[in-house]
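Protein chains in written order, with the numbering used here: chain G, 169 to 464; chain Z, 2 to 510.
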């Protein structure tokens with residue numbers, strides 16, 4: 169067997185991974201994210217095992233007498249305005265930022281893919297109705313839209329998720345529609361149709377798998393955006409309610425103490441920054457790895 | 002071309018600098034005091050008409066333009082003469098006021114009984130401030146300098162209500178000619194006259210030389226609007242302002258530590274408290290309400306969340322208010338609180354919501370209380386809402402617990418007790434614990450309808466003891482009135498009510 173044959177036999181995933189691996193920056197972004205996922209999962213397990221004992225005694229436990237104390241050996245990130253340990257709060261907050269971002273994007277991906285593929289596949293009036301509605305949604309800045317939705321539905325975890333999911337739907341719908349349009353006229357689709365495959369089968373079995381690449385990239389970058397939106401909503405007091413730790417709300421409630429203690433604003437800010445940066449470099453790496461034009 | 006422009010700019014700048022410098026030195030340095038006081042506050046005047054603009058930022062300005070029949074001393078809290086030089090209580094329902102002779106308004110009009118009757122009638126008819134004077138049945142002119150005020154029923158707080166700035170005396174002829182004129186060109190008898198107003202920026206006042214107590218110490222008074230509290234502090238630090246009102250709790254330390262500034266604090270008339278909705282279980286249980294009262298460490302809240310300002314509250318009226326009787330701050334005893342909860346049938350606690358409007362310092366207070374209640378097993382969800390929603394939903398009685406603030410602006414206990422504790426005042430007027438207790442009602446009315454201070458004192462003492470037992474509210478803190486001032490400011494006295502008169506203030510250079 170010649171080496172070139174071996175290369176051809178690689179699956180798309182393996183080929184992408186091979187190229188992704190070469191990008192050190194993207195790789196480090198992925199490592200950071202994996203670490204965050206691990207932290208989030210372990211806090212969930214700890215809460216289940218200890219019946220929230222750690223959460224109650226360390227994360228939301230106040231010690232007002234020691235408020236705003238700077239970093240020390242006992243509290244490496246210092247204490248916040250209620251004397252709560254910032255390190256513990258940062259760790260416990262990971263799950264909200266990361267998982268809520270992921271869930272919100274998963275939701276909007278499902279809806280966006282459905283709408284986008286229907287619009288792209290059927291075209292004409294269907295396309296016009298769906299896409300013009302998406303255009304209307306797109307015309308409103310996503311943060312403003314999410315704020316309006318949360319304000320209308322009331323502040324709760326679920327509503328924040330729904331609001332962010334809705335505000336990201338148009339992006340996914342457009343991405344999917346565009347790739348559906350380029351694929352649906354190709355010969356293998358015509359062949360499938362000639363063999364009597366149903367519309368559903370054609371869309372899900374033949375079109376969507378071939379338009380996965382841009383979707384994956386869009387979703388990775390979307391998670392970054394969604395985390396920022398959740399933090400933003402919490403900052404405005406519309407997201408996660410106290411005393412639940414969340415980076416955005418930690419930042420928001422800390423801002424009036426910025427002149428008294430640097431650590432309580434800087435640390436949640438760094439947390440948000442590092443996560444977003446990791447997601448973005450990983451998303452960029454994925455795009456480069458998936459982009460067919462870069463294939464060697 | 003560019004170079005020439007630069008040169009020109011540099012020249013202009015230096016010319017400006019030079020001009021500024023010379024202007025500074027040419028000012029007379031003889032007096033040693035500045036001719037202008039500049040004050041900063043957080044919000045703008047809502048209306049210059051004293052019978053409309055009752056909000057603190059408005060009164061902080063109009064207070065200098067208008068006087069009232071009588072006044073309360075900011076330090077002692079006693080009722081003292083102002084436009085009326087003396088008065089007599091003719092019967093429990095009628096008061097005779099003798100008006101100071103020779104008073105003139107800023108426009109030169111002379112003040113007499115006609116103006117007093119017109120002003121009080123106008124205040125009674127006003128939609129905004131009538132609640133402060135609607136106890137009056139009639140104002141009768143007896144002669145040019147005597148009026149007789151009769152009340153609908155014996156009303157203890159009469160004099161204190163007439164001392165509230167909304168009962169201002171305005172010139173009859175000037176106002177009858179154009180009823181809206183006071184909104185833009187206010188004219189009164191106060192120590193300062195109106196000069197100009199730039200909306201959302203500043204109000205300028207000038208000394209009224211013929212003021213009956215003598216002209217104010219400083220010629221000009223400028224009150225600036227700076228909404229952001231930290232910006233106000235910075236303006237004070239840079240010397241742009243001489244005095245700022247409402248220093249942010251988190252900025253207090255900076256003002257205290259700055260050697261050029263002083264932080265003035267005085268007990269306010271404001272109490273923050275939690276109202277339990279007595280219509281909803283488990284808050285219908287007196288034991289539960291007492292348990293919550295006992296689970297809150299008020300001193301700790303004052304020391305930490307409130308940065309050491311204010312004081313732990315034992316009642317919903319502040320010590321500076323007439324009728325205050327100290328029942329002692331609730332003892333902080335979580336173990337006993339747990340016992341009470343168990344007695345009430347909640348050995349494992351329960352879940353409830355605590356509503357608060359979106360004001361950061363109030364939300365922080367609620368978060369700290371949330372944690373204290375968690376220690377005795379009560380899971381509290383703090384829900385933050387916009388002020389309008391908060392008020393309308395608590396008025397409808399939808400809340401479990403609500404975090405409220407109340408200012409006893411007449412400095413008389415009746416103002417607060419009647420609104421917050423009387424069964425007829427449930428909902429919008431103020432009674433959001435929905436208390437309906439015959440004994441409480443009786444004591445409130447006794448204090449309200451008697452002009453005899455001994456009877457009133459006794460009624461309010463009994464009431465305070467009774468209310469502590471009922472525990473329909475959990476008083477949390479008495480806030481402090483704060484102001485930051487430059488060390489050069491002399492003669493500035495804080496009034497617990499929140500608006501201060503500056504006619505005695507001067508600022509050395």
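Heads up, the beta-carbon is just placed ideally off N, CA and C, and yes, glycines get one too.
* Within the 9 Å Cβ cut-off, does residue 229(G) reach chain Z? -> For the purposes of this step, residue 229(G) is taken as the residue at position 61 of the first chain. Yes, because at least one Cβ of chain Z sits closer than 9 Å to the Cβ of residue 229(G).
* Contact list for residue 427(G) against chain Z, beta-carbon separation under 9 Å -> Along the first chain, read from residue 1 onward, the residue named residue 427(G) stands at position 259. Here the neighbours are 231, 251, 252, 254 and 255.
* Against chain G: residues of the segment 295-306 of chain Z by CB proximity under 9 Å -> Across the segment 295-306 of chain Z, CB contacts with chain G closer than 9 Å involve 298, 301, 302, 304, 305 and 306, in sequence order along the chain.
* To do: Given a cut-off of 9 Å, decide if residue 41(Z) and residue 205(Z) are closer than it, judged by their beta-carbon atoms.
  => One-based indexing of the second chain puts residue 205(Z) at position 204. One-based indexing of the second chain puts residue 41(Z) at position 40. No, the Cβ-Cβ distance between residue 205(Z) and residue 41(Z) is not below 9 Å.
* **For residue 247(G), the nearest candidate out of 457(G), 440(G), 453(G) and 434(G) (CA to CA)** => If you number the first chain from 1, residue 247(G) lands on position 79. Measuring from the Cα of residue 247(G), the nearest candidate turns out to be 434(G).
* Asked: Whole-angstrom Cβ separation of residue 78(Z) and residue 321(Z), contact assumed at under 8 Å?
  -> Within the second chain, residue 78(Z) is the residue found at index 77, counting from 1. Within the second chain, residue 321(Z) is the residue found at index 320, counting from 1. Rounded to the nearest angstrom, the Cβ distance from residue 78(Z) to residue 321(Z) is 6 Å, consistent with a contact under 8 Å.
* Asked: Of the residues that make up the segment 362-382 of chain Z, which ones have a beta carbon closer than 9 Å to any beta carbon in chain G?
  -> Using a CB distance below 9 Å, the part of the segment 362-382 of chain Z facing chain G consists of 362, 364, 365, 367, 368, 369, 371, 372, 373, 375 and 382, ordered along the chain.
* **Status (buried if at least 16 other CB within 10 Å, exposed otherwise) for residue 393(G)** => What you label residue 393(G) is simply residue 225 of the first chain in a count that begins at 1. Buried, because 16 or more other Cβ atoms sit within 10 Å of the Cβ of residue 393(G).
* Classify residue 31(Z) as helix, strand or coil using the three-state DSSP reduction. => In the second chain, counting from the first residue as 1, residue 31(Z) sits at position 30. Legend: pLDDT at residue 31(Z) = 47, less than 50; position of this residue unreliable, no value from coordinates given.
* Does residue 448(G) come within less than 9 Å of chain Z when only Cβ atoms are used? -> Here residue 448(G) corresponds to residue number 280 of the first chain, with the count starting at 1. For residue 448(G), the answer is no, since every Cβ of chain Z falls outside 9 Å of its Cβ.
* Whose CA, out of 357(Z), 246(Z) and 148(Z), lies closest to the CA of residue 112(Z)? -> Mapped onto the second chain, residue 112(Z) falls at position 111. The candidate whose alpha carbon is nearest that of residue 112(Z) is 148(Z).
* **Three-state secondary structure (DSSP) of residue 260(G)** => Residue numbering aside, residue 260(G) sits at position 92 when the first chain is read from its first letter. Three-state DSSP puts residue 260(G) in a helix.
* Asked: In chain order, what residues of the same chain lie with their CB nearer than 8 Å to the CB of residue 185(G), ignoring the 5 residues before and after it?
  -> Residue numbering aside, residue 185(G) sits at position 17 when the first chain is read from its first letter. Cβ neighbours of residue 185(G) beyond the five flanking positions: 457.
* **residue 384(Z) at chain C interface by Cβ criterion, 9 Å** => In summary, chain C is missing from the structure at hand, where the protein chains are G and Z.
* **Residue(s) in a DSSP beta bridge with residue 205(G)** => Translated into positions along the first chain, residue 205(G) becomes position 37. Its beta-bridge partners do not exist; DSSP assigns none.
* Starting from the C-beta of residue 296(G), find all residues in its chain whose C-beta is less than 6 Å away, skip the five residues before and the five after it, and write them out in chain order. => Residue numbering aside, residue 296(G) sits at position 128 when the first chain is read from its first letter. Counting only Cβ-Cβ distances below 6 Å, and skipping sequence neighbours, we find nothing.
* Cβ of residue 538(Z) within 9 Å of any chain G Cβ -> With chain Z covering only 2 through 510, there is no way to say anything about residue 538(Z).
* Please check if any C-beta of chain Z sits within less than 9 Å of the C-beta of residue 433(G). => Here the question's residue 433(G) lines up with position 265 in the first chain. Judged by the 9 Å Cβ criterion, residue 433(G) is not in contact with chain Z.
* Determine the DSSP secondary structure at residue 214(Z), reduced to helix, strand or coil. => Along the second chain, one-based indexing puts residue 214(Z) at 213. Here DSSP, grouped into helix, strand and coil, assigns residue 214(Z) to coil.
* To do: Could you tell me whether any Cβ in chain Z is nearer than 9 Å to the Cβ of residue 237(G)?
  => On the first chain, residue 237(G) is found 69 positions in, with the first residue counted as 1. Cβ-Cβ to chain Z under 9 Å: no for residue 237(G).
* Asked: What residues in its chain sit with their C-beta under 7 Å from that of residue 182(Z), if we drop five residues either side in the sequence?
  -> On the second chain, residue 182(Z) is found 181 positions in, with the first residue counted as 1. If we look at residue 182(Z) and ignore the five residues flanking it on each side, its Cβ neighbours are 175 and 176.
* **C-alpha gap between residue 419(G) and residue 364(G), whole angstroms** => For the purposes of this step, residue 419(G) is taken as residue 251 along the first chain, with counting starting at 1. For the purposes of this step, residue 364(G) is taken as residue 196 along the first chain, with counting starting at 1. Note on geometry: alpha-carbon atoms of residue 419(G) and residue 364(G) lie some 57 Å from one another.
* Asked: What is the rounded straight-line gap between the Cα of residue 26(Z) and the Cα of residue 406(Z)?
  -> For this step, residue 26(Z) is matched to residue 25 along the second chain. For this step, residue 406(Z) is matched to residue 405 along the second chain. Low confidence applies here, because residue 26(Z) scores a pLDDT of 38, under 50, leaving its location unreliable; read the following figure in that light. Taking the Cα positions, residue 26(Z) is about 49 Å away from residue 406(Z).
* Is residue 282(G) helix, strand or coil when you go by DSSP? -> One-based indexing of the first chain puts residue 282(G) at position 114. Correct three-state label for residue 282(G): helix.
* If we count Cβ pairs, one from each stretch, closer than 8 Å, do we get three or more for the segment 120-137 of chain Z versus the segment 211-223 of chain Z? -> The way I'd put it, the segment 120-137 of chain Z doesn't touch the segment 211-223 of chain Z; fewer than three beta-carbon pairs between them come closer than 8 Å.
* Does the separation of the CB atoms of residue 412(Z) and residue 159(Z) fall below 9 Å? -> What you label residue 412(Z) is simply residue 411 of the second chain in a count that begins at 1. What you label residue 159(Z) is simply residue 158 of the second chain in a count that begins at 1. The answer is no: Cβ separation not under 9 Å.
* To do: Tell me, please, whether the CB atom of residue 250(G) is closer than 9 Å to any CB atom in chain Z?
  => Working through the first chain from its first residue, we reach residue 250(G) at position 82. Under the Cβ criterion of 9 Å, residue 250(G) is counted among the residues facing chain Z.
* Among all the DSSP beta bridges, which residues are the ones paired with residue 221(Z)? -> What you label residue 221(Z) is simply residue 220 of the second chain in a count that begins at 1. Looking at the DSSP assignment, residue 221(Z) forms a beta bridge with 37(Z) and 207(Z).
* Asked: Do the CB positions of residue 318(G) and residue 327(G) come within less than 9 Å of each other?
  -> Your numbering for residue 318(G) matches position 150 in the first chain. Your numbering for residue 327(G) matches position 159 in the first chain. For residue 318(G) and residue 327(G), yes; Cβs fall inside 9 Å.
* To do: Could you tell me whether the Cβ atoms of residue 142(Z) and residue 313(Z) are closer together than 9 Å?
  => Taking the second chain and counting its residues from 1, the one referred to as residue 142(Z) is at position 141. Taking the second chain and counting its residues from 1, the one referred to as residue 313(Z) is at position 312. It is not a contact, given that the beta carbons lie outside the stated cut-off.
* To do: Compute the Euclidean distance between the alpha carbons of residue 22(Z) and residue 243(Z), then round it to the nearest angstrom.
  => Residue numbering aside, residue 22(Z) sits at position 21 when the second chain is read from its first letter. Residue numbering aside, residue 243(Z) sits at position 242 when the second chain is read from its first letter. No answer about residue 22(Z) holds up, because its pLDDT of 41 lies below 50 and its placement is not dependable.
* To do: Starting from residue 409(G), find everything on chain Z with Cβ-Cβ shorter than 8 Å and list it in chain order.
  => Stepping through the first chain from its first residue, residue 409(G) is reached at position 241. Those are 382, 383, 384 and 385, listed as they occur along chain Z.
* Between 212(Z), 81(Z), 33(Z) and 432(Z), which lies nearest to residue 397(Z) when the distance is taken from Cα to Cα? -> If you number the second chain from 1, residue 397(Z) lands on position 396. Looking at 212(Z), 81(Z), 33(Z) and 432(Z), the one whose alpha-carbon comes closest to that of residue 397(Z) is 432(Z).
* **Beta carbon proximity, residue 421(G) to chain Z, threshold 9 Å** => Sequence index remark: in the first chain, residue 421(G) carries index 253 (1-based). Judged by the 9 Å Cβ criterion, residue 421(G) is in contact with chain Z.
* residue 290(G) versus residue 358(Z): straight-line alpha-carbon distance, rounded -> Taking the first residue of the first chain as 1, we reach residue 290(G) at position 122. Taking the first residue of the second chain as 1, we reach residue 358(Z) at position 357. Roughly 50 Å separates the two Cα atoms.
* Asked: For a contact meaning CB atoms closer than 9 Å, what does residue 400(G) contact in chain Z?
  -> Residue mapping note: residue 400(G) aligns to position 232 of the first chain, counting from 1. Per Cβ cutoff of 9 Å: no residues; residue 400(G) is ~16 Å from chain Z at best.
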